[in-house]
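Mapping the sequence shown onto the working numbering, position 932 (from 1) lands on 948, and the numbers just tick up by one.
Right, one structure below, let's go through it.
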Amino acid sequence: MSRGTDVIDVGVEEGTVNAAPRIQTTAGRLAALGFADGARAERLLDDLGPEAVGDFALLDDLVRAADPDLALTTLSRLVERDPSVLGTFRDDPALRHRLLGVFGISAALGEHVVRHPECLAVAGSPQWPVARELCEEMLLAVGADPDDAEPVAGGATVGAAEPGATAQAMDALRVAHRTRLLDLAARDVTGECTLAETAAALADLAAASLDAALAIARAEVADAGDVRLAVIGMGKCGARELNYISDVDVVFVAEPREGVDETKALQIATRLAQGMMRACSSSTREGALWEVDANLRPEGKMGPLVRSMESHLAYYRRWAKTWEFQALLKARPVAGDLELGQQYVAAVNDLVWQAAARPNFVEDVQSMRRRVEAHVPVGEADRQIKLGPGGLRDIEFAVQLLQLVHGRSDPLLRRRATLSALAALSRGGYVGRDDAKALAEAYTFLRQVEHMLQLHRLRRTHVVPSDTADLRRIGRGLGMTTDPVGEFTTTWKRHALEVRRLHEKLFYRPLLQAVARLPESEARLSTAAATARLQALGYADPEGALRHIAALTSGVSRRAAIQRTLLPVMLGWFADAPDPDAGLLGFRQVSDKLGSTPWYLRLLRDETAVAERLAHLLGTSKYVTGLLLHAPEAVGMLGSPAELAVRPAATLAGEAAAAVGRYAEDAETAVAAARALRRRELLRTACADLSGLIDIEEVGQALSSLNDVTIQAALGAAINKVTLERREPFPTRIAVIAMGRLGGLESSYASDADVMFVHAPLPGVAERDATDAAHAVAEETRRLLARPAPDPPLQIDAGLRPEGRQGPLVRTIASYKAYYDRWASHWEAQALLRARFCAGDADLGREFTALVDPLRYPEGGISVDAVREIRKLKARMEAERLPRGADPALHTKLGRGGLTDVEWVAQLIQLRHAGAVPSLRTTRTLDALRAAAAENLLDPADEAVLAEAWLFASRIRDALMLVRGRAADSIPTLVKERMLLARALGYPPEGTEDFVEDYRRATRRARTVVERVFYEG
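Spelled out as structure tokens, the structure:
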């Protein structure tokens, strides 16, 4: 055929050929037919010889292939090897159509045909063999007699393989297996079999090859007849839903023949199993079949490869995790002693369907659900059709989990294959009909894509390529011809999004149908089934949860309709939270308060981030729930991290001052407004804290600044009130000095405000009159901040003042000076290390701090006697102040290595050295430790240990308040409370003991430093 001769007429659409009196073979027109390289295609067609000239049917099959260039290349190589192929194809159009279809998809199978042209006869067989016939074919390929009870490769007796026979048998098995794979792929790509039929045929072919591989192993293992060995297919092989290239998951079970010692029998069985695995996975001249993976066996890689039936059952009864029962859903005998295999499957099935009643089922399920989101390489996440979002794993996991939960009471759900199990779940009302249909369509599409990916090179892959030519081949292989790349990409993304959406709702949507009494034509989840599902997902009170769901979703109102849309997703988010029941209850309570507010449900429906964060917070923190119930409109701040950012103290002070000014003649209303502001900012800080947006130091700073603002507002309102009552100008300047954790800017959610009141009479005012007025203001400030109200109180504690609770509540600055000059004790100097101005007259505050600086930062440091006294006081506190019955290792404040230990180390260093080292003059514990390390007064390693323990203890104290809604200092002993605390701190459900051990380790190391630095240094 000469190039440029008119011999082809190009049809209108890519991939069609119209017969005409003459055909044109120009490169351009071949490109229009679908060839990527028209010039090369023209050359290859010429090289096929005269027989190809005018063969419109041949060209039509070529251009209909997924990759016409690949198909033509393989055909050219095959004809070069065997020129009679063109005549065979002309005589057998069905064979030609099948083979060119495969050549356009699979370079690897095309290579197999070129190497073994004789396989064309098998590819043209009219029917696919049944499982038994496949097994016979593979056994015959390795020279074994299919009629033998235990066939041996090469016709040898067991353990008597001749030199080189094993390698020959392995090659023969690979050729026979790949030839049948070619036959199946030909039927698949031409649409002669469905996905389910293809997957089942692949599993049958794998099982037949395993039997042949076992025959090869018998030829190598002496005494192979002394043991019964069953090969149990797991995963997709067991479920008869295998893909083209996959690890074949198996489990081995063996029993000795009569009179044979069990230990010896298991050793023989192990050698047989190893030989079988080697026969499949070893690379020979003909390549390898696939890996045989036995890691789903009891104890995984650490366990014996082969066990007896009794050993398997003992493990599953006592030690197995829920995921192992999930794996056993697919178990099926596939090779070896099928009778023993059937006995094994029957025995483990009894255990599989009782898994949902096991004590750790809920925790295991939560762990399994997180495993679905397991790490996928960042570059692959959005191209993974198996593990990526909206991938095959999402569908398979959801179906298997629902089978485990409901299959215990419904035998109709006990099916191995994903699609048949999904259909059964739909018929039983466990999955909505439309949802099941959408999932089945997505699953079928994704499995077809998986087949296209793997057929190309016969490699195990689940990553959709980015190369346009590869995408074009996949799209055309799926029948998309107009715009293969665009159509495929759009369809794939649509299915992935739908799967992800349905996966998030699948467990929960039928729960609504069970309680909402909606008019439904399809089956509905029973109350018992709904209860079982909620319990499996972590709800401790499933009946109560159903009542909440019913209350939220029943009826025909727009509110109920939106809730029916929201709840399927939110129930999943609640299940992911530490306390799903509390989350759902809190959501109902907030919804009851805001349900008639137009923006609330619309916000949750339209802003996914708000709804998800709300679910997490309600399911984690009683403190946050309580704050929200008194200010539900604050839900709006959950929309973005920016909304949860800590607001500047100056901004808050301006708002509070405006409220005080607005209600100058009504102190209670003014302070109520300031406390409402504090409540809103407490909620903002708590939400940011639980969302991981701020760390514990920032929390302390934010809470302390907020308390400063609130105290300033209350002080201003109190001054206004006292001034009105006295009917004369206020006679004195007054300042509030923050002490303790407030002074250190380390307030917690549960902290009182430790303060001292100081005043200075105005010129010409009698001191007694000024003191009476200042005392009245101090008392009124305390009352206003503590009075019962919907907002959290701020208790003012002035116990650190001179003479403690026996001394006057308010002193003049002169009185403070006189007292400190004459009576100040070492502990008072230590307490003053935290003193800072927080409210009132700023000049007076500076005067006060200047007054106490020489006391807390003494020139030359404190004396040796003072150090000894401080150490004695600390030792007495350790012996006397720890609450009765408290575990010193778990008390965050007074326990060993806890807050007090670390703070006293910092404060002792300050008392000894701050007079000479200005950087130590800080009210903050960690800043003091950092300064000490920087000045070589503390080893940096010791500073790191102390800081770690202090931060950990502070986080725990805050988390206790957030989780329980009430203050506590000790890690709880109750298992559930400890778990909730650990989860709030970021530990996984199974990480409670890790949390406690981490705290013990941190504080143990800190205590070692304390004893060396504080008591000995």
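Beta carbons are placed, not taken as given, at the ideal position from N, Cα and C, and that holds for glycine.
query                                                                                                                        : result
Classification of Met586 by the beta-carbon crowding that lies within 10 angstroms, buried from 16 upward                    : buried
Contiguous alpha helix (DSSP H) assignments of at least 4 residues, all confined to the region 446-513                       : 449-473 and 484-493
Neighbourhood of Trp306 by C-beta distance below 8 Å, restricted to the same chain and skipping five residues each side      : Ala222, Ile261, Ser262, Asp263, Val264, Cys296, Ser297 and Arg476
Secondary structure of Pro266, DSSP reduced to three states                                                                  : Rather than Pro, the amino acid found at residue 266 in this sequence is Val. The answer is strand: DSSP assigns Val266 an E or B state.
Straight-line gap, Arg803 to Pro809 (C-alpha atoms, nearest Å)                                                               : 7 Å
Neighbourhood of Ser986 by C-beta, 6 Å cutoff - its chain only, sequence neighbours within 5 removed                         : Ala902, Leu906 and His907
Cα-Cα separation, Ala733 to Ala688                                                                                           : 10 Å
Residue environment, Ile24, which counts as buried when at least 16 other CB atoms sit within 10 Å                           : Bear in mind that the predicted position of Ile24 carries a pLDDT of just 41, short of 50, making it too unreliable to give a figure here.
Same chain, Cβ closer than 6 Å to Arg1021, neighbours up to 5 away in sequence not counted                                   : Val961
Which of helix, strand or coil DSSP assigns to Asp595                                                                        : coil
Selection from Ala330, Ala217, Thr748 and Ala235 that minimises the alpha carbon distance to Arg203                          : Ala217
For Leu420 and Ala548, the rounded distance between their alpha carbons                                                      : 11 Å
Beta-carbon gap between Pro500 and Arg492 smaller than 9 Å                                                                   : yes
C-alpha gap between Ser537 and Phe1011, whole angstroms                                                                      : Low per-residue confidence applies at Ser537: pLDDT is 44, beneath 50, and the placement is therefore not dependable, though the value from the model is reported in the following sentence. For Ser537 and Phe1011, the distance between alpha carbons rounds to 49 Å.
Pairwise C-alpha distance: Asp557 and Leu990                                                                                 : 18 Å
Sequence-distant residues of the same chain with beta carbon closer than 6 Å to Thr939, five excluded per side               : Gly759, Gly760, Arg850 and Arg852
Arg431 in three-state terms, based on DSSP                                                                                   : coil
Nearest-angstrom Cα separation, counted from Ala336 out to Lys638                                                            : 35 Å
Chain-order list of residues whose beta-carbon lies under 6 Å from that of Arg757 (same chain, five-residue window excluded) : Ser763 and Ser767
Residue interval of the alpha helix (DSSP H) (run including Gly677)                                                          : Ala665 to Arg678
Three-state secondary structure (DSSP) of Ser767                                                                             : coil
Validate contact between the region 886-893 and the region 781-792 using beta carbons, cut 8 Å, 3 pairs                      : no
Pro84, DSSP secondary structure in three states                                                                              : helix
Touch test, the region 103-114 against the region 143-157, Cβ-Cβ under 8 Å, three pairs minimum                              : no
Beta carbon of Leu978 nearer than 9 Å to that of Ala704                                                                      : no
Stretch-stretch touch, CB-based, cutoff 8 Å, three pairs: the region 363-372 with the region 323-337                         : yes
Sequence-distant residues of its chain with Cβ nearer than 6 Å to Gly251 (five each side left out)                           : Asp265 and Lys346
Cα-Cα separation between Pro657 and Val465, rounded to whole angstroms                                                       : 39 Å
Complete alpha helix (DSSP H) runs within the region 544-579 (minimum length 4 residues, chain order)                        : 558-569
Cut-off 7 Å between Cβ atoms - residues of its own chain near Leu429, not counting five sequence neighbours on either side   : Gln419, His422, Gly423, Ala437, Ala440, Leu441 and Gly444
Closest by C-alpha distance to Asp857, when choosing among Glu919, Arg691, Arg900 and Ala790                                 : Ala790
Where Gln184 falls: helix, strand or coil (DSSP)                                                                             : helix
When Glu302, Asp595, Val715 and Glu875 are compared against Asp187, the one with the closest alpha-carbon                    : Glu302
Proximity below 9 Å, CB of Leu86 to CB of Gly126                                                                             : yes
Residue environment, Ser100, which counts as buried when at least 16 other CB atoms sit within 10 Å                          : exposed
Candidates Ala593, Leu601 and Lys609, of which the one nearest Leu706 by Cα                                                  : Ala593
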